[in-house]
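Participant:
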Amino acid sequence: MKCVILAAGYATRLRPLTDDVPKHLLPVGGRPMLDWVLDRVRQVEDVTEVHLVTNSRFAPAFEHWAEANGVTVYDDGTTSNDDRLGAVGDLRLAIEGAGLEGDELVVLAGDNLFDFSLPAFVEWWRAKPQPASAVPLHDIGDLELATQYGIADTDPDDRIVRFVEKPSDPPSTLAATLIYLLPPEHAGLVSTYLDEGMSPDNAGSFLGWLADREAVYGYRFEGTWYDIGDKTQLLEADNRLRQLAGLPERESYSLD
């Protein structure tokens, strides 16, 4: 199994914090955000390689971080939101650049912080009829809030039967995380999806497209999940992890 971490966004909602520091390397709980993500990945014994995709603007910072962590960095050649490849475009770049077409993949957004067991998720996935993909689902318990997420509806066997990105009329309150398990057969469909002219920007669009064609299962988990997109979420995640690290909470976020 190989891991791909997607970290090519420009995090404009977090400026000026991200003027010089990529969001995924901002400190939370006293450590770079990606350290927490990599901790989870390293718990999966099957993972033999970790690849990370970023942009030209922040590639040097990620390469410096990666040297001490055994991670291979790919520069997608973009410099702003105007020319970005998008999450699915970056995933294809990693798959093709690292020759991962024949591998099982765990794909994560570098700004997703979670406390469920990734090994338990992998074990649950392997017990499903293969080939199949899987995605963790978090019940946010609020239909109004669900309009801001990619929302899944599942059958009694946990197979996703409907997936809608930011629906005006959500079919459930099960929000999909950007943490995917893909068998080789489905990893190869990333290029098919893009070649059909589908949106490269939103990974949820790929998930919905895939679920309409192949078996995709939803893994319901309890516990904390942060999809960090703005300063409120950043401060909340920082204080949660500071608490776990035995550090005092703070009223406002700081790079210090």
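Remember, the numbering used here sits 201 above the position in the sequence shown when you count from 1. We treat Cβ as the ideally placed atom computed from N, Cα and C, and that holds for glycine.
Can you list, in chain order, the stretches of the alpha helix (DSSP H) that have 4 or more residues and sit fully within the segment 312-399?
Facilitator: If only complete runs of 4 or more residues are kept, the segment 312-399 shows the alpha helix (DSSP H) at 319-327, 344-347, 385-388, 390-396, in order along the chain.
Participant: Would you mind reading off the limits of the alpha helix (DSSP H) that contains residue 432?
Facilitator: Element bounds for residue 432: 432-445.
Participant: Indicate the three-state DSSP secondary structure (helix, strand or coil) for residue 289 in the structure shown.
Facilitator: helix
Participant: Could you tell me the boundaries of the alpha helix (DSSP H) in which residue 240 lies?
Facilitator: 234-243
Participant: Let me check understanding here. Comparing Cα to Cα, which of 309, 364, 400 lies closest to residue 354?
Facilitator: Looking at the Cα atoms, 364 is the closest of the given residues.
Participant: Roughly how many whole angstroms lie between the Cα atoms of residue 330 and residue 452?
Facilitator: 48 Å
Participant: Does the distance from the C-beta atom of residue 229 to that of residue 292 stay below 7 Å?
Facilitator: no
Participant: Between which two residues does the beta strand (DSSP E) containing residue 309 stretch?
Facilitator: 306-310
Participant: Under DSSP, the alpha helix (DSSP H) around residue 409 begins and ends at which residues?
Facilitator: Looking at the DSSP string, the run of the alpha helix (DSSP H) that includes residue 409 is 404-412.
Participant: Which same chain residues, not among the five before or five after residue 245, have their C-beta less than 6 Å away from its C-beta?
Facilitator: Excluding positions up to five away in sequence, the list reads 319, 320, 323.
Participant: Check this for me: beta carbons of residue 420 and residue 325, under 7 Å apart or not?
Facilitator: yes
Participant: Measuring alpha carbon to alpha carbon, tell me which of 332, 299, 223, 393 ends up nearest residue 311.
Facilitator: With distances taken between Cα atoms, residue 311 lies closest to 223.
Participant: From the DSSP output, in three-state form, read off residue 429 for me.
Facilitator: coil
Participant: With 16 other CB atoms within 10 Å as the buried threshold, where does residue 448 fall?
Facilitator: exposed
Participant: CB-CB under 6 Å to residue 290, same chain, minus the five flanking residues each way: which ones, in chain order?
Facilitator: 401
Participant: Does the Cβ-Cβ distance between residue 405 and residue 351 come in under 7 Å?
Facilitator: yes
Participant: For residue 214, name the three-state secondary structure that DSSP assigns.
Facilitator: Residue 214 falls in the helix class under three-state DSSP.
Participant: Suppose you measure from the CA of residue 271 to the CA of residue 265; what does that come to, to the nearest Å?
Facilitator: 11 Å
Participant: By the 10 Å Cβ neighbour count, where 16 or more other Cβ atoms means buried, how is residue 283 classified, buried or exposed?
Facilitator: Residue 283 sits exposed, since fewer than 16 C-beta atoms from the chains shown fall within 10 Å of its C-beta.
Participant: Counting C-beta neighbours from all protein chains within 10 Å, is the total for residue 397 16 or more, i.e. buried, or is it exposed?
Facilitator: exposed
Participant: Where do the N-terminal and C-terminal ends of the alpha helix (DSSP H) with residue 225 fall, by residue?
Facilitator: From DSSP, residue 225 is part of no alpha helix (DSSP H); its letter is neither H nor E.
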